[in-house]
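> Residue numbers (this note's numbering): 990 to 1146. The structure that follows is given in the form of structure tokens.
Put into structure tokens, the structure is as follows:
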């Protein structure tokens, strides 16, 4: 059995964000020495309960502080991002940490977060589908092009 820990970066009313963030970072620093197999970062925006806008940025921090533990996203919400940027960033992070990454993708469920990005929530499913197709193409093909409802990508490599 393998056991991991997720850094949910919960905010605490009345406490400075920096202090709360530092406590969560210290918890993440303990994951490898305590024998956990993986460390996961979440993505949330525009909420009062979580301070986790960039799971890949957070995992980059741990890529340089760990040697064994796997680093994962739980999840990258594809409809909120440019899929080419997602592919670039996850490929780069996987190189930085020596192939220890686990990437999870999702479409998101909070209307507040969709409204914050000015994306209609009824576009969540088709944006996720297109975005995931593009991420997969970018990570597996030497070059590709894509023509969809939301993304039009000329031949790129």
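Even for Gly, the Cβ is constructed at its ideal location relative to N, Cα and C.
(1) Identify every residue that forms a DSSP beta bridge with residue 1027.
(2) Can you tell me which of the three DSSP states residue 1017 falls into?
(3) Strictly by DSSP, which residues pair up with residue 1095?
(4) Where does residue 1148 sit, in a helix, a strand or coil, going by DSSP?
(5) Check whether the stretch 1041-1060 touches the stretch 1096-1105, counting contact only when three or more Cβ pairs, one atom from each stretch, lie closer than 8 angstroms.
(6) DSSP three-state label for residue 1182, please.
(7) What separation, rounded to the nearest whole angstrom, lies between the Cα atoms of residue 1053 and residue 1141?
(8) Drop a sphere of 10 angstroms on the beta-carbon of residue 1041, count the other beta-carbons inside from all chains shown, and report buried for 16 or more, exposed for fewer.
(9) Where do the ends of the alpha helix (DSSP H) carrying residue 1103 lie?
(10) Cα separation between residue 1092 and residue 990?
(11) Cα-Cα, which of 1146, 1121, 1102 is closest to residue 1137?
The answer reads as follows:
(1) As a beta-bridge residue in DSSP terms, residue 1027 pairs with 993, 1059.
(2) helix
(3) 1066
(4) Nothing can be reported for residue 1148, as the shown portion of the chain is limited to 990 through 1146.
(5) Judged by Cβ distances under 8 angstroms, the stretch 1041-1060 makes no contact with the stretch 1096-1105, as fewer than three pairs qualify.
(6) One cannot answer for residue 1182 here, as it falls past the ends of the chain, which runs 990 to 1146.
(7) 35 angstroms
(8) With 16 or more other Cβ atoms within 10 Å, it is buried.
(9) Run containing residue 1103: 1100-1105, per the alpha helix (DSSP H) assignment.
(10) 19 angstroms
(11) Closest option to residue 1137, Cα to Cα, is 1121.
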